[in-house]
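Structure first, commentary second.
Chains as they are written, first to last, in my numbering: chain A, 1 to 316; chain B, 317 to 591.
Shown next as structure tokens:
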């Protein structure tokens with residue numbers, strides 16, 4: 001995550017005085033340095049207290065056979081928990097489910113999100129209404145959205161089977177149809193975020209370029225691929241990065257809709273089941289650490305692979 | 317292309333987006349007004365509209381205590397998070413100090429953190445600290461996980477503020493306090509507000525911490541309580557009660573979206589980070 005661009009110094013003229021930097025910082029610069037640390041310290045401490053320390057603890061516990069209900073039997077087992085997890089077919093099934101949901105969700109969202117962004121960019125009548133409405137799925141509680149979609153597809157209360165003449169199709173008793181509804185609910189809820197990021201990207205594409213391409217006889221399709229998309233690459237990659245990592249940790253929707261039944265369990269549900277439901281903090285710790293490593297690996301791969309410049313969308 | 321025709325075309329596309337965003341919301345509202353067996357009428361709308369479900373949820377402690385917890389915990393977490401983030405973002409935007417880049421990178425890393433990977437340890441830690449199943453036990457993780465977004469939104473915002481106006485006001489005879497209160501506070505307030513709305517959305521939406529770190533209605537927030545309606549409640553039709561409760565907790569979201577539409581969009585895109 002080294003590509004994060006630190007905000008440049010501000011337009012405060014008085015601070016540029018020490019530009020020819022001497023070997024030692026001037027007293028004033030030292031004071032400024034110290035004040036800076038004092039001001040960010042509380043935020044940094046709170047952020048690390050709830051992430052770095054518990055993560056370290058999860059790493060430590062993952063080396064033990066440790067169940068909360070039987071603390072006396074705590075025993076050092078080295079990397080055995082990792083061996084148990086990685087040789088279990090359930091782990092790999094959940095990896096597949098999670099990756100499947102992530103890839104399909106993000107791909108669909110990029111396409112729909114781009115279409116929505118284009119509409120919001122071009123629309124004149126009702127511009128404000130559409131930009132307001134798009135925020136409703138973003139703001140709505142994920143659990144509420146999951147219930148709404150679940151009830152829509154449910155056998156007893158749902159209207160979907162009735163509307164589309166599907167009879168008594170039991171959506172949640174088959175892996176693929178259950179995953180389809182889960183993905184639908186996720187796409188509905190999170191496409192607005194992507195479309196707003198892409199809208200910000202679209203606003204940065206120079207209108208003259210579009211006009212010039214049009215004059216030169218480029219078709220709408222060519223203009224999309226040769227002018228619009230290359231010029232908003234930064235926004236697309238930032239949207240891709242954040243949505244991929246967010247989709248990969250999917251939990252709420254699956255928990256509400258199926259609870260992980262019918263082979264719809266994601267890695268987050270697995271980690272939750274091991275640690276909270278079964279209080280197997282040792283084995284659950286190993287699952288948690290592996291989940292964390294997967295997320296870091298994906299983040300690293302996207303940032304390095306696509307050379308994402310996270311400063312771009314922020315308008316630096 | 318005829319200009320009027322293209323306008324109408326984009327207008328129709330906009331209408332499609334409205335249907336997309338509002339259909340599930342309309343559905344859950346409609347469900348919440350269905351009474352008794354009507355819930356299974358398999359139609360979109362109720363046969364006749366009834367307020368019974370709302371009476372039921374407000375009569376049950378399960379929901380009212382969860383609503384109280386959600387409101388209290390979310391508001392306190394938002395206030396603390398925004399206060400800490402304002403101070404940190406001021407330093408990041410205005411001061412030169414080593415480690416600035418590191419703070420922003422750490423914030424980014426936390427924004428993408430898989431929260432479930434932490435709940436096992438937190439569950440254990442909170443129990444030994446005696447803050448399991450308390451408000452503070454949820455406020456702490458909510459503050460940590462809303463800080464990254466708040467810091468990013470606020471530092472992006474603070475970089476745009478013309479700080480030299482503060483000195484200009486003092487040259488014109490204002491005291492430092494007046495210059496701060498009359499010049500800087502009004503300029504900074506919209507950014508602080510934006511960060512607060514986004515932080516509130518995160519806390520209001522949370523489910524993972526809500527179900528992992530609470531056990532009773534002492535601290536259990538609404539999303540977690542909704543998941544337990546099905547199992548342990550005495551409702552004959554949890555569907556109807558859950559729908560009514562869902563509508564109630566969606567009202568604040570819709571109100572915030574309607575009032576602060578511009579600020580939310582600006583905050584989401586300037587931060588480029590989702591909480």
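Every residue, glycine too, gets a C-beta built ideally from N, C-alpha and C.
**Request:** Report yes if the CB atom of residue 182 of chain A is closer than 7 Å to the CB atom of residue 254 of chain A, and no otherwise.
**Result:** Residue numbering aside, residue 182 of chain A sits at position 182 when the first chain is read from its first letter. Residue numbering aside, residue 254 of chain A sits at position 254 when the first chain is read from its first letter. In this structure, residue 254 of chain A lies closer than 7 Å to residue 182 of chain A by Cβ.
**Request:** Go to residue 317 of chain A, then tell me how far its alpha helix (DSSP H) extends in each direction, as first and last residue.
**Result:** No statement about residue 317 of chain A is possible, as the shown extent of chain A runs from 1 to 316 and does not include it.
**Asked** Buried or exposed: residue 301 of chain A, going by 16 or more other Cβ atoms within 10 Å of its Cβ?
**Response** If you number the first chain from 1, residue 301 of chain A lands on position 301. Result: exposed.
**Message:** When you compare the CB positions of residue 77 of chain A and residue 62 of chain A, do they come within less than 7 Å of one another, or not?
**Reply:** Within the first chain, residue 77 of chain A is the residue found at index 77, counting from 1. Within the first chain, residue 62 of chain A is the residue found at index 62, counting from 1. No, the pair does not count as a contact, with Cβ atoms beyond the cut-off.
**Item:** Bounding residues of the beta strand (DSSP E) (the contiguous stretch that carries residue 164 of chain A)
**Value:** Here residue 164 of chain A refers to the residue found at position 164 when the first chain is read from its first residue. Unbroken run through residue 164 of chain A: none, as it is neither H nor E.
**Prompt:** Relative to the alpha-carbon of residue 527 of chain B, which residue among B/538, B/518, B/517 has its alpha-carbon at the smallest distance?
**Reply:** In the second chain, counting from the first residue as 1, residue 527 of chain B sits at position 211. In terms of Cα proximity to residue 527 of chain B, the closest of B/538, B/518, B/517 is B/538.
**Request:** Answer yes or no: does any C-beta atom of chain B fall closer than 7 Å to that of residue 203 of chain A?
**Result:** Taking the first residue of the first chain as 1, we reach residue 203 of chain A at position 203. Not one chain B Cβ lies under 7 Å of residue 203 of chain A.
**Asked** What is the residue span of the beta strand (DSSP E) that residue 482 of chain B lies within?
**Response** The residue labelled residue 482 of chain B in the question sits at position 166 within the second chain. Run containing residue 482 of chain B: none in the beta strand (DSSP E); it sits in the alpha helix (DSSP H), 480-487.
**Request:** Could you tell me which residues DSSP puts in a beta bridge with residue 67 of chain A?
**Result:** Here residue 67 of chain A corresponds to residue number 67 of the first chain, with the count starting at 1. For residue 67 of chain A, which the question treats as bridged, DSSP gives the partners A/70, A/280.
**Request:** Would you mind reading off the limits of the alpha helix (DSSP H) that contains residue 464 of chain B?
**Result:** Here residue 464 of chain B is taken as the residue at index 148 of the second chain, counted from 1. Where residue 464 of chain B is concerned, the enclosing alpha helix (DSSP H) stretches over 451-474.
**Request:** Inspect the CB distances between the segment 236-254 of chain A and the segment 265-272 of chain A and report whether three or more fall short of 8 Å.
**Result:** At 8 Å Cβ cutoff, the stretches touch.
**Inter-residue Cα distance where the pair is residue 362 of chain B and residue 338 of chain B** = Counted from its first residue, the second chain places residue 362 of chain B at position 46. Counted from its first residue, the second chain places residue 338 of chain B at position 22. Rounded to the nearest angstrom, the gap between the Cα atoms of residue 362 of chain B and residue 338 of chain B is 17 Å.
**Request:** Grab me the residues of residue 401 of chain B's own chain with a C-beta within less than 7 Å of its C-beta, minus the 5 sequence neighbours each way, in chain order.
**Result:** Here residue 401 of chain B is taken as the residue at index 85 of the second chain, counted from 1. These residues qualify, in order along the chain: 463, 466, 467, 470, 511.
**Item:** N- and C-terminal bounds of the alpha helix (DSSP H) containing residue 375 of chain B
**Value:** Here residue 375 of chain B refers to the residue found at position 59 of the second chain. For residue 375 of chain B, the enclosing alpha helix (DSSP H) begins and ends at 368-375.
**Item:** DSSP three-state assignment for residue 75 of chain A, whether helix, strand or coil
**Value:** Stepping through the first chain from its first residue, residue 75 of chain A is reached at position 75. Note: residue 75 of chain A maps to strand in three-state DSSP.
**Message:** Between the segment 365-375 of chain B and the segment 199-218 of chain A, can you find at least three pairs of beta-carbon atoms closer than 8 Å?
**Reply:** no
**Under 7 Å between C-beta atoms of residue 390 of chain B and residue 519 of chain B** = Reading the second chain from its first residue, position 74 is the one you call residue 390 of chain B. Reading the second chain from its first residue, position 203 is the one you call residue 519 of chain B. Cβ distance < 7 Å, so residue 390 of chain B and residue 519 of chain B count as in contact.
**Asked** Using a beta-carbon distance cut-off of less than 7 Å, what residues from the segment 330-358 of chain B approach chain A?
**Response** Against chain A - using a Cβ distance shorter than 7 Å - the residues of the segment 330-358 of chain B are 330, 333, 334, 337, 338, 340, 341, 343, 344, 347, 355, 356, 358.
**Message:** Assuming residue 252 of chain A and residue 461 of chain B are in contact, meaning their beta carbons sit under 8 Å apart, how far apart are those beta carbons, in whole angstroms?
**Reply:** Position 252 of the first chain, counting from 1, holds the residue named residue 252 of chain A. Position 145 of the second chain, counting from 1, holds the residue named residue 461 of chain B. About 14 Å; that fails the 8 Å criterion.
**Asked** Would a check of beta-carbon distances place residue 85 of chain A closer than 7 Å to chain B?
**Response** Counted from its first residue, the first chain places residue 85 of chain A at position 85. At a cut-off of 7 Å between C-beta atoms, residue 85 of chain A does not count as an interface residue with respect to chain B.
**Prompt:** How close, in whole Å, do the beta carbons of residue 557 of chain B and residue 373 of chain B come, if the pair is a contact with beta carbons under 8 Å?
**Reply:** As a first step, residue 557 of chain B must be located in the second chain, where it is residue number 241. As a first step, residue 373 of chain B must be located in the second chain, where it is residue number 57. About 5 Å separates the beta carbon of residue 557 of chain B from that of residue 373 of chain B, a gap short enough to meet the 8 Å contact definition.
**Assigned exposure category for residue 151 of chain A - 16 Cβ within 10 Å defines buried** = Here residue 151 of chain A refers to the residue found at position 151 of the first chain. Buried is the call here.
**Asked** So what does DSSP say about residue 333 of chain B, is it helix, strand or coil?
**Response** As a working mapping, residue 333 of chain B is identified with position 17 in the second chain. Residue state for residue 333 of chain B is assigned as helix, using DSSP reduced to three classes.
**Asked** With a cut-off of 8 Å, do at least 3 Cβ pairs link the segment 196-203 of chain A to the segment 568-588 of chain B?
**Response** yes
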